[in-house]
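Below you'll find the structure, written out as structure tokens, and then a few comments.
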Amino acid sequence: QIGKPLFEISDNTLARYTAWSDPQNELQGFAENKLRCNSRYFGVDAVAATLKNLGLELLIRAHQIMQNGYEFFGRKNPQCISVFTAGRHNTGDNFGMSVHISRSFLATFLGCAEFPDTPSKERFLALHEKHNRTYNFTTRNVQEERNDMTIMELRQ
1 QIGKPLFEIS DNTLARYTAW SDPQNELQGF AENKLRCNSR YFGVDAVAAT
51 LKNLGLELLI RAHQIMQNGY EFFGRKNPQC ISVFTAGRHN TGDNFGMSVH
101 ISRSFLATFL GCAEFPDTPS KERFLALHEK HNRTYNFTTR NVQEERNDMT
151 IMELRQ
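In UniProt numbering, the protein residues as written are 1 to 156.
Following this line, the structure appears as structure tokens:
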């Protein structure tokens, strides 16, 4: 179980694996994720078994750059969707998307538009650091940790 509140994700293996593990199309089950060094890879069969065990139908995950902002995992019956909202992240050529789930569980993907007055990357990072100092937010080295994690709770 993942106890609440969870102040540090690295303190709970299940929470860490849930947040940072990545899908692999050709994989059966689970395997060590050598890229991230703190999580696992999972296959389509692992998603299906886990969702069935939890009584769920769909996994929506984040933190991994998707060039088009989102991607379905699983070729025949996708049960996992990766969503990435940060357009122009690092490489500068990816789209940002969000997903809206209706009361009837219809998923709609919404593009995150880039506006003409969007600050440059340098200006954005400077503003980000200023806001962190002003509001006393915890910061981490952007060069070492280039992933975003979004936690979303869906309720009927």
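Virtual Cβ for every residue (Gly too), placed ideally from N, Cα, C.
Just so you know, these numbers come straight off a predicted model, no measurement behind them.
C-alpha distance - residue i paired with residue j, whole-angstrom precision
i	j	result
T94	V83	Before going further, note that residue 94 is Asn rather than Thr in the sequence given. The straight-line gap from Cα to Cα measures roughly 12 Å.
E71	S10	27 Å
R41	E122	Reading the sequence as shown, one finds Tyr at residue 41 and not Arg. Taking the straight line from one Cα to the other gives about 33 Å.
T50	R61	14 Å
L27	R88	29 Å
Secondary structure of residue i, DSSP reduced to three states
i	result
A54	Before going further, note that residue 54 is Leu rather than Ala in the sequence given. Residue state, collapsed to three classes: helix.
E122	helix
T13	helix
A107	strand
S98	strand
D93	coil
A31	strand
Contact set for residue i: own chain, Cβ-Cβ below 7 Å, skip 5 residues either direction
i	result
Y135	Any reading at Y135 needs caution, since the residue's pLDDT is 46, under 50, leaving its predicted position unreliable; the model's value is listed next. Here the set comprises nothing.
L110	M97, S98, H100
Under 8 Å between C-beta atoms of residue i and residue j
i	j	result
C80	P5	no
L59	V44	no
Nonlocal neighbours in the same chain, by C-beta distance under 8 Å from residue i, ignoring five residues either side
i	result
Q1	L14
Cutoff 6 Å; reference residue i; Cβ partners in own chain excluding five residues on either side
i	result
S39	Y17, W20, S21, N33
E8	none
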